[in-house]
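Asks: Right, I'll just put the structure down here and ask away after.
Numbering (the numbering used here), first residue to last: 3 to 212.
Here is the structure:
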């Protein structure tokens, strides 16, 4: 299975280094020195990781053959793709990779259909399910234990207990997300990131951001 493990950001310095937006919980494995990654667009790769380091909380990577800022800038916004065994699961029982959650049916406890998960947005405060409703609109569901009551991978469904206002007409739709969140969504493969339900503090933070 192909999984998007990172997106290349801006050039850093003049020696070919780039910032990398990590989309995997195992960067030391997926993005370590020697890792060979396919790309989207495919014409940009494959790319081999030469060095990696963390600077000011960001991963900085240099790829083989990229020696200057011009070469680094040419890689901006390219997605990095790794082959991952589809049977591979996160270490914790209550964690899920994005590809496991995509396309799950979202329903209330009484079975009322809400929609289908089309994207997972990873924000600093917590993770959000982007759910497409039957009428084509989208709603954001915080992945917190107070709202997400059950994830049933066998039945391919996600049961939620939303608070008043979350999924009615007053709810913010996914198109209202800030530009940064929209920019980080990938179009190729599936993002790899183990996510788990957070706390109500995260849900409140999501409400504030919305």
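Think of the CB as a built atom: it goes at the ideal place given N, C-alpha and C, for glycine as much as any other residue.
Can you grab the Cα-Cα spacing for the pair residue 106 / residue 16, in whole Å?
Replies: 44 Å
Asks: Please state if the CB of residue 80 and the CB of residue 53 are separated by a distance shorter than 8 Å.
Replies: Contact: no.
Asks: Just tell me which of 132, 167, 146, 109 has its CA closest to the CA of residue 154.
Replies: Here the closest residue by C-alpha is 109.
Asks: Could you tell me if residue 10 is buried or exposed, where buried requires 16 or more neighbouring beta carbons within 10 angstroms of its beta carbon?
Replies: buried
Asks: By Cβ distance, which residues of its chain are closer than 8 Å to residue 118, with the 5 residues on each side in sequence left out?
Replies: 105, 106, 107, 108, 133, 134
Asks: Can you tell me whether residue 21 is helix, strand or coil according to DSSP?
Replies: strand
Asks: I'd like the span of the alpha helix (DSSP H) that includes residue 66, first residue to last.
Replies: Counting along the chain, residue 66 falls outside any alpha helix (DSSP H), and DSSP gives it neither H nor E.
Asks: Could you tell me the boundaries of the beta strand (DSSP E) in which residue 32 lies?
Replies: Here residue 32 belongs to no beta strand (DSSP E); instead the alpha helix (DSSP H) covers 29 to 32.
Asks: Hey, how far is the Cα of residue 82 from the Cα of residue 157?
Replies: 31 Å
Asks: For residue 121, which of helix, strand or coil comes out of DSSP?
Replies: strand
Asks: Could you tell me the distance, in whole angstroms, from the CA atom of residue 43 to the CA atom of residue 49?
Replies: 12 Å
Asks: Checking 8 Å against the spacing of the C-beta atoms, do residue 8 and residue 71 come in under that value?
Replies: no
Asks: Which residues in the same chain have their Cβ closer than 8 Å to the Cβ of residue 35, if we skip the five residues on either side of it in sequence?
Replies: 51, 52, 53, 54
Asks: What residue does the alpha helix (DSSP H) around residue 103 start on, and which one ends it?
Replies: 100 to 103
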